[in-house]
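Visitor:
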Amino acid sequence: DEKEHEEQLRWILELLKKEKLYTKFSKYEFWIPKVQFLGHVIDNQGIHVDPTKIESVKDWESPKSPTEIRKFLGLAGYYRRFIERLSKVSKPMTKLIQRKVEFEWGDKQEAAFQLLKQKLCSAPTLALPEGSEDFIVYCDASNKGLGVVLMQREKVISYASRQLKNHEKTYTTHDLELGAVVFTLKT
11 DEKEHEEQLR WILELLKKEK LYTKFSKYEF WIPKVQFLGH VIDNQGIHVD PTKIESVKDW
71 ESPKSPTEIR KFLGLAGYYR RFIERLSKVS KPMTKLIQRK VEFEWGDKQE AAFQLLKQKL
131 CSAPTLALPE GSEDFIVYCD ASNKGLGVVL MQREKVISYA SRQLKNHEKT YTTHDLELGA
191 VVFTLKT
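Take 11 as the starting number for the sequence shown in my numbering and just add one per residue.
1. Assign F145 to one of three DSSP states: helix, strand, or coil.
2. By the 10 Å Cβ neighbour count, where 16 or more other Cβ atoms means buried, how is K129 classified, buried or exposed?
3. On the criterion of 16 or more Cβ atoms from any shown chain inside 10 Å, does P73 qualify as buried, or is it exposed?
4. Per the contact definition of three or more C-beta pairs closer than 8 angstroms, is the region 176-190 in contact with the region 105-119?
5. Under a three-way DSSP split, which group does I75 fall into?
6. Could you tell me the boundaries of the beta strand (DSSP E) in which K165 lies?
7. Can F92 and Y169 be called in contact, C-beta distance under 8 angstroms?
8. Excluding sequence positions up to five away, which residues of its chain have a Cβ less than 6 angstroms from the Cβ of K63?
9. Who are the near neighbours of P134 in its chain, counting only those whose CB is closer than 7 angstroms to its CB and skipping five residues on each side?
10. According to the Cβ coordinates, are L26 and T33 closer than 8 angstroms?
11. Whole beta strand (DSSP E) runs in the region 57-133 with 3 or more residues, listed along the chain?
12. Assign D150 to one of three DSSP states: helix, strand, or coil.
13. So F193 is in the alpha helix (DSSP H); what residue range does that whole segment cover?
14. Could you check how far apart the C-beta atoms of C149 and A190 are, in whole angstroms? I think they sit under 8 angstroms.
15. Just the Cα atoms here: how many angstroms apart are N54 and Q162?
16. Name the DSSP beta bridge partners of G155, please?
17. Leaving aside the five residues before and after L106 along the sequence, list all residues of the same chain whose C-beta is less than 7 angstroms from its C-beta, in chain order.
18. Could you give the C-beta distance for G56 and A137, rounded to a whole number, given that I count them as a contact under 8 angstroms?
Structure (structure tokens):
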């Protein structure tokens with residue numbers, strides 16, 4: 011909404027003036043419909059993965075070493091808020107980057123790699139939060155990991171997930187569900 015944007019901009023500029031903070035307006039752009047920022051594109055639809063950053067994922071070859079897996083998972087981790095169940099999908103690959111685990115790329119790892127590539131290349135648009143009301147948090151736990159979805163008015167704001175730590179694998183269902191709530195609050 012342009013009127014609301016104008017009011018917020020005026021409020022910010024008045025606050026800067028009140029605090030005696032000055033700026034060069036020639037360094038700023040106002041009323042632009044789209045911004046590219048740190049691998050993301052932000053527009054009136056929401057937050058998108060920057061297509062220029064993801065273009066290389068389409069041609070990414072299967073990792074041949076733990077270092078190559080780390081590089082790929084690093085990129086996927088950067089965009090984790092766009093990928094539902096990232097930790098579950100990436101588990102076959104993360105097992106191969108643990109110490110004292112022999113690198114053996116098999117069908118499970120290849121399937122996980124291809125699925126993760128597909129999820130990165132078709133990442134959803136995340137909604138921008140509007141105000142501070144109507145948020146819904148869904149959290150869940152399984153014997154493999156914890157997952158969270160933050161939503162507002164039936165639109166996804168963000169995803170988060172992680173694999174269970176070794177000591178958590180012995181937890182009861184009740185404790186895992188409570189762990190999912192704690193993970194949600196920390197995320």
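Heads up, the beta-carbon is just placed ideally off N, CA and C, and yes, glycines get one too.
Here the structure is a predicted model, which means the values were calculated and not measured.
Guide: With the structure as the only source:
1. In the sequence shown, counting from the first residue as 1, residue 145 sits at position 135. In this structure, F145 counts as strand in the three-state DSSP scheme.
2. Numbered from 1 along the sequence shown, position 119 holds the residue referred to as residue 129. By the neighbour-count rule (16 or more Cβ atoms within 10 Å), K129 is buried.
3. Residue 73 sits at position 63 when you count from the first residue of the sequence shown. That one is buried.
4. no
5. Start at 1 with the first residue of the sequence shown, and residue 75 comes out as number 65. Here residue 75 turns out to be Ser, not Ile, going by the sequence shown. In the structure shown, S75 sits in coil (DSSP, three-state: anything other than H, G, I, E or B).
6. Counting from 1 along the sequence shown, the entry for residue 165 is found at position 155. K165 to Q173 is the extent of the beta strand (DSSP E) around K165.
7. Sequence index remark: in the sequence shown, residue 92 carries index 82 (1-based). Sequence index remark: in the sequence shown, residue 169 carries index 159 (1-based). Against a cut-off of 8 angstroms, the Cβ pair of Y169 and F92 comes out as a contact.
8. Here the question's residue 63 lines up with position 53 in the sequence shown. The residues are G49.
9. Counting from one through the sequence shown, the residue named residue 134 turns up at place 124. Correct list, in chain order: F92 and V166.
10. Walking along the sequence shown from the start, residue 26 turns up at place 16. Walking along the sequence shown from the start, residue 33 turns up at place 23. Taking 8 angstroms as the Cβ cut-off, L26 and T33 qualify as a contacting pair.
11. none
12. Position 140 of the sequence shown, counted from the start, is the residue given in the question as residue 150. Residue state, collapsed to three classes: strand.
13. Reading the sequence shown from its first residue, position 183 is the one you call residue 193. Run containing F193: T183 to K196, per the alpha helix (DSSP H) assignment.
14. If you number the sequence shown from 1, residue 149 lands on position 139. If you number the sequence shown from 1, residue 190 lands on position 180. Right, their Cβ atoms sit about 4 angstroms apart.
15. Here residue 54 corresponds to residue number 44 of the sequence shown, with the count starting at 1. Here residue 162 corresponds to residue number 152 of the sequence shown, with the count starting at 1. In a straight line, the C-alpha of N54 is about 16 angstroms away from that of Q162.
16. What you label residue 155 is simply residue 145 of the sequence shown in a count that begins at 1. Per DSSP, Q173.
17. Residue mapping note: residue 106 aligns to position 96 of the sequence shown, counting from 1. Around L106: P76, I79, F113 and Q119.
18. Taking the first residue of the sequence shown as 1, we reach residue 56 at position 46. Taking the first residue of the sequence shown as 1, we reach residue 137 at position 127. Indeed, because the Cβ distance is near 5 angstroms, the residues count as touching under 8 angstroms.
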